[in-house]
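Inspection log for the structure reproduced underneath, given as structure tokens.
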Amino acid sequence: MDTFKAVAKSEMLIRTPVSEVFESFIDPKITSEFWFTQGSDRLETGKKIEWKWEQFGISATISVTEIKQNELIRYQWHSGEGDTDYRNVEISFESKSDETTFVQVVESGFDKNDDHLIEQVAGQTEGWALVLSASKAWLEHGINLNLISDHKPEI
2 MDTFKAVAKS
12 EMLIRTPVSE
22 VFESFIDPKI
32 TSEFWFTQGS
42 DRLETGKKIE
52 WKWEQFGISA
62 TISVTEIKQN
72 ELIRYQWHSG
82 EGDTDYRNVE
92 ISFESKSDET
102 TFVQVVESGF
112 DKNDDHLIEQ
122 VAGQTEGWAL
132 VLSASKAWLE
142 HGINLNLISD
152 HKPEI
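For the sequence shown, our numbering gives the first residue as 2, with consecutive numbering after it.
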């Protein structure tokens, strides 16, 4: 039996109520303050949404598979490898108190036979750490640290 499963995982405590943290990942007007530059619509189960990173000239289309208010966002997005290769992203939100939220991101669906598997998992883990750090700075202090743009300025 094959039990291999590579995942990228990142987590962060954000000192903001769960409803605000959750909304910041649902509403592209807020998310664009710390992650992508433009989103085509709010996340809703069953929708296909396009996100753009205009500074890099790239975009991604996601398929939202599940939303649980203030608890969970699940979607699939293209891995960038083959036409039919998709990864699954699960973002969970746990209220720790009225003013704090623990956010965990797990991305799965990596091809175990890919020669660059370790590089891809490490890169996605790093990327999610940046997204969570940027969201923390925005939600707690209203500061856009430009972490996404500054991470790979040569792209």
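Note that the Cβ used here is the ideal one computed from N, Cα and C, for glycine as well.
The beta carbon of E21 lies closer than 7 angstroms to those of L140 in the same chain, with the five residues before and after it left out. DSSP places L73 in the uninterrupted beta strand (DSSP E) bounded by 73-79.
Nearest to S33 by C-alpha distance, out of F23, K53, E91, is K53. In this structure I59 does not touch E45 by the C-beta definition: roughly 23 angstroms separates them, more than the 8 angstroms allowed.
Judged by DSSP secondary structure, K137 falls within the alpha helix (DSSP H) whose first and last residues are 118-142. If you ignore the 5 residues before and after N145, its C-beta comes within less than 7 angstroms of the C-beta of E34, F35, W139, all in its own chain and listed in chain order.
When only Cα atoms are considered, Q77 and E127 end up about 19 angstroms apart. A check of alpha carbon separations from T17 across R75, K137, N147 identifies K137 as the nearest. Assigned with DSSP and collapsed to three states, F103 falls in strand. The beta carbon of S109 sits closer than 6 angstroms to those of V8, N89, all from its chain and outside the five residues before and after it, given in chain order.
Under the DSSP assignment, L148 falls in the alpha helix (DSSP H) whose first and last residues are 148-152.
In the DSSP assignment, W52 is bridged to G40, A61.
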